[in-house]
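Written out below as structure tokens is the structure these notes cover.
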Amino acid sequence: MDKQLKRGMLDVCVLKAIKSEDSYGYRIIKDMKPYVEISESTLYPILRRLEASQLISVYSVEHNGRLRKYYHITQSGLQRIEDFKTEWEEIMTIYEYVTKEDDNE
Amino acid sequence: MNKTEFMTELSHRLSGLNNEDIKKSLAYYNEIIEDSKEDGMSEEEAVASLGDIDEIATQIVMDTPITKLVKEKVKSTRTLQTWEILLIILGSPIWFSIGIAVASVIFSLYVAVWAIVFSLFVTVFALFVSAFAFLIAAVWLLFTKAFTQSALFLGAAFVIAGVTILLYLGTYYIAKGIAILTKNIFKAIKRSFVKKEEI
Chain A
379 MDKQLKRGML DVCVLKAIKS EDSYGYRIIK DMKPYVEISE STLYPILRRL
429 EASQLISVYS VEHNGRLRKY YHITQSGLQR IEDFKTEWEE IMTIYEYVTK
479 EDDNE
Chain B
429 MNKTEFMTEL SHRLSGLNNE DIKKSLAYYN EIIEDSKEDG MSEEEAVASL
479 GDIDEIATQI VMDTPITKLV KEKVKSTRTL QTWEILLIIL GSPIWFSIGI
529 AVASVIFSLY VAVWAIVFSL FVTVFALFVS AFAFLIAAVW LLFTKAFTQS
579 ALFLGAAFVI AGVTILLYLG TYYIAKGIAI LTKNIFKAIK RSFVKKEEI
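From first to last, the protein sequence lines stand for chains A and B.
The first sequence maps to residues 379 to 483 in this note's numbering.
The second sequence maps to residues 429 to 627 in this note's numbering.
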């Protein structure tokens with residue numbers, strides 16, 4: 379898959395993983411696993427990027443005597459998922475057109 | 429590799445970044461390792477599952493914007509307070525002229541020191557030329573059969589040559605010493621402005 383395309387996809391996947399409930403690094407990877415295999419070192423830059431563009435916000439929670447970072451989706455993050463959906467609806471329409479059996483063949 | 433080793437290794441590899449970024453990266457991997465352990469992995473397994481440490485470090489560095497990397501290299505040792513900035517601006521007519529005065533004094537001292545070194549070199553050269561001249565005169569006197577004078581001139585030529593060599597060595601080491609001193613002073617000035625960089 380095109381690198382740029384995959385990058386955008388993974389961003390949205392991570393946003394989805396924290397959409398219904400705030401989550402932390404290890405759990406995001408686990409939750410995404412059935413759909414997309416993502417390594418810890420791949421997730422880290424994505425989280426940094428999402429945080430820098432304010433699509434997610436970060437807060438720390440104490441857990442077993444240590445701090446664990448939780449990621450929360452922001453309004454712009456939710457908007458990004460919506461944009462992704464509309465974009466892909468258009469792409470799917472094009473896909474259907476391209477793969478459609480030709481009538482006069 | 430255990431967690432401590434991994435953390436030390438990683439921080440070494442990231443030492444080009446700013447402290448904030450290093451801390452964040454280490455905290456992230458620390459959390460992942462701890463969560464993996466809680467999930468039933470051993471510490472070694474958790475570290476191993478992260479993959480190659482070189483790749484991890486490279487990815488973090490690559491992902492840091494180049495402007496941030498460059499800015500980091502020339503970042504001052506501390507940030508100025510608002511009142512300090514205000515004071516600097518308001519005091520500029522005073523410190524600027526004082527600064528120029530101090531700089532010119534230092535510069536003139538520096539020039540004076542090098543002028544001494546230069547004059548020493550000129551002396552060495554003059555001595556060398558005169559030794560050579562005495563030698564030529566001695567040879568010429570030999571042909572005019574003035575043997576006593578010739579021997580005297582030859583002796584003078586050797587004495588001067590000896591002095592020249594000693595003076596040259598002395599001057600050379602003085603010049604070298606001043607050059608090293610200058611370099612160290614500039615380094616010290618630079619270090620007081622720019623954070624020392626670890627590689």
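Note that the Cβ used here is the ideal one computed from N, Cα and C, for glycine as well.
These numbers come from a predicted model, not from an experiment.
Taking 8 angstroms as the CB-CB cut-off, is B:Ile627 touching chain A? Reliability fails at B:Ile627, whose pLDDT of 42 lies under 50, so the model's placement of it is uncertain and the value that follows must be treated cautiously. No, its Cβ sits nowhere closer than 8 angstroms to a Cβ of chain A.
Roughly how many angstroms separate the alpha carbons of B:Leu454 and B:Leu597, rounded to a whole number? 56 angstroms
Problem - Spatially closest choice to B:Ile461 from B:Lys451, B:Gly468, B:Ala474, B:Asp467, by CA coordinates - result: B:Ala474
Coarse secondary structure for B:Leu580, derived from DSSP in three states:
helix
*Quick one: what's got a C-beta closer than 8 angstroms to B:Asn375's C-beta in the same chain, skipping five residues either side?*
Nothing about residue 375 of chain B can be read from this structure; chain B reaches only from 429 to 627.
query = If you count every other CB in all the chains shown that lies within 10 Å of the CB of B:Val567, and 16 or more means buried, which is it?
reply = exposed
**Study point:** Inter-residue CB distance, B:Gly479 and A:Ser419 (contact presumed, cutoff 8 angstroms)
**Key:** 6 angstroms
| task | Give, in chain order, every residue of the stretch 435-447 of chain A whose Cβ lies closer than 8 angstroms to some Cβ of chain B. | result | Asn442, Arg444, Leu445, Arg446, Lys447
Between the stretch 538-547 of chain B and the stretch 602-610 of chain B, can you find at least three pairs of beta-carbon atoms closer than 8 angstroms? yes
**Prompt:** Going along chain E in order, which residues have a C-beta closer than 8 angstroms to the C-beta of B:Asp463?
**Reply:** Protein chains A and B are contained in the structure displayed, whereas chain E is not.
Any chain B beta carbon closer than 8 angstroms to A:Glu418 = yes
Whose C-beta lies closer than 7 angstroms to the C-beta of B:Thr592 among residues of the same chain, with five residues either side of it excluded? Val552, Leu555, Phe556, Ala559
Neighbourhood of A:Lys394 by C-beta distance below 7 angstroms, restricted to the same chain and skipping five residues each side: Ile459
- Query: B:Leu594: which of B:Leu570, B:Phe549, B:Lys618, B:Lys611 sits nearest, CA to CA?
  - Reply: B:Phe549
Handout entry: Spatial distance of B:Leu438 from B:Met429 (CA atoms)
Key = 12 angstroms
Discussion item. Which same chain residues end up closer than 8 angstroms to B:Leu570 when comparing Cβ atoms and leaving out the 5 residues on each side of it in sequence?
Written reply: Ser578
So, with DSSP's three-state summary, where would you put B:Ile481?
helix
Item to complete: Taking C-beta pairs closer than 9 angstroms, name the residues in chain A that B:Leu478 reaches, listed in chain order.
Response: Ser417, Glu418, Ser419
| request: Write down the C-beta distance between B:Lys431 and B:Glu466 rounded to the nearest angstrom, noting that I regard them as a contact closer than 8 angstroms. | output: Contact flag wrong, Cβ pair sits at about 13 angstroms.
Identify which residue in B:Glu483, B:Asp449, B:Trp511, B:Phe614 has its Cα closest to the Cα of B:Ile534. B:Phe614
A:Ile451, enclosing beta strand (DSSP E) - first and last residue: 444-451
If you count every other CB in all the chains shown that lies within 10 Å of the CB of A:Tyr402, and 16 or more means buried, which is it? buried
Next item on the list: Note down, in chain order, all residues in the stretch 421-433 of chain A with a beta-carbon under 9 angstroms from any beta-carbon belonging to chain B.
Entry: Leu421, Tyr422, Pro423, Leu425, Arg426, Arg427
Review point. Start and end of the alpha helix (DSSP H) containing B:Val550?
Key: 520-571
| message | So within the stretch 405-444 of chain A, which uninterrupted beta strand (DSSP E) runs reach at least 3 residues, ignoring any that extend past its ends? | response | 434-441
Between which two residues does the alpha helix (DSSP H) containing B:Asn631 stretch? Here chain B has residues from 429 to 627 only, and residue 631 of chain B is not among them.
Please go through the same chain and pick out, in chain order, the residues whose beta-carbon is closer than 6 angstroms to the beta-carbon of A:Val414, but skip the five residues on each side of it. Cys391
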